[in-house]
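Every position in the sequence shown, counted from 1, becomes a number in this note's numbering once 7 is added. Report on one structure; see the data block that follows.
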Amino acid sequence: MSAMPTKRILFVLGGPGAGKGTQCSKLVQKYGFVHLSAGDLLREERQSGSENGELIDTMIKEGAIVPVKITLSLLQRAMLQNERERFLIDGFPRNFDNLQGWNEAMPDTQFHVEGVLFFDCSESVMESRLIERGKTSGRTDDNAVAIRKRFHTYLESTLPIIEYYAKLNKVFQVDATSNPDTVFESTCQKLKSILE
Numbered sequence: 008m009s010a011m012p013t014k015r016i017l018f019v020l021g022g023p024g025a026g027k028g029t030q031c032s033k034l035v036q037k038y039g040f041v042h043l044s045a046g047d048l049l050r051e052e053r054q055s056g057s058e059n060g061e062l063i064d065t066m067i068k069e070g071a072i073v074p075v076k077i078t079l080s081l082l083q084r085a086m087l088q089n090e091r092e093r094f095l096i097d098g099f100p101r102n103f104d105n106l107q108g109w110n111e112a113m114p115d116t117q118f119h120v121e122g123v124l125f126f127d128c129s130e131s132v133m134e135s136r137l138i139e140r141g142k143t144s145g146r147t148d149d150n151a152v153a154i155r156k157r158f159h160t161y162l163e164s165t166l167p168i169i170e171y172y173a174k175l176n177k178v179f180q181v182d183a184t185s186n187p188d189t190v191f192e193s194t195c196q197k198l199k200s201i202l203e
């Protein structure tokens, strides 16, 4: 039996409103990545009526964090069901606990993390983008108070992950303050070494 092909993964991190979704869809179009959003996978599973779905539903209603092993099993299943080899994982790892869970459960020979694509953006730019988006998105968390709270949660929990990968020289940091096309050009430049 031949060994399973290795999945090559980029974690996509950046604050709320840094433009992660926009850049991911551009990378999907140009390079054929598969974009997986941890949040979307959890929402889909929640609606599926499975045993995990019920647990996720309860935890979200209680405002609790879904156990990392559930998120990992959903990510793993999504990658194994797809023939492609390159994945952008958005919204994970959210904190150090997530990262440890990944390192324990996802063997590098099968799920190789090429690094973190980090969209760096100032709080004021993110805030104005989100307030703009809130006018049309219908998302209840696109208001100034919720935005600040999300921003601080992101800073506290996500920056240690970026620092961890920086020590391994695996952070592709992109200035995300410009318009989407300029940011995408920088992104392609930064990722050149792994895209070729």
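Every residue, glycine too, gets a C-beta built ideally from N, C-alpha and C. Computed from a predicted model, the values in this text were never measured in an experiment.
Report yes or no: do three or more beta-carbon pairs, one from the stretch 174-192 and one from the stretch 117-134, lie closer than 8 Å?
-> yes
Could one say the Cβ of phenylalanine 179 lies closer than 9 Å to chain D's Cβ atoms, at least one of them?
-> Among the chains in the structure shown there is no chain D, since it carries only a single protein chain.
Could you tell me whether the stretch 60-77 touches the stretch 105-116, where touching means 3 or more Cβ pairs closer than 8 Å?
-> yes
Glycine 21, enclosing beta strand (DSSP E) - first and last residue | 14-21
Taking 8 Å as the threshold, find out whether the stretch 10-26 comes into contact with the stretch 131-143 through three or more Cβ pairs.
-> yes
Would you call the CB atoms of proline 187 and glutamine 30 closer than 9 Å?
-> yes
Pick out whichever of Ser135, Gly39, Leu82, Phe40 has its Cα sitting closest to the Cα of leucine 49.
-> Leu82
Tell me where the alpha helix (DSSP H) around arginine 136 begins and ends.
-> 130-144
Among the residues of its own chain, which have a CB less than 6 Å from the CB of threonine 165, if the five just before and after it don't count?
-> Leu20
Beta strand (DSSP E) runs wholly inside the stretch 20-50, at least 3 long, in chain order = 41-44
In chain order, what residues of the same chain lie with their CB nearer than 6 Å to the CB of glycine 46, ignoring the 5 residues before and after it?
-> Gly98
State buried or exposed for glutamine 152, treating a residue as buried only when at least 16 other CB atoms are found within 10 Å of its CB.
-> Strictly speaking, residue 152 in this sequence is valine, with glutamine absent from that position. Exposed, by the Cβ-count rule.
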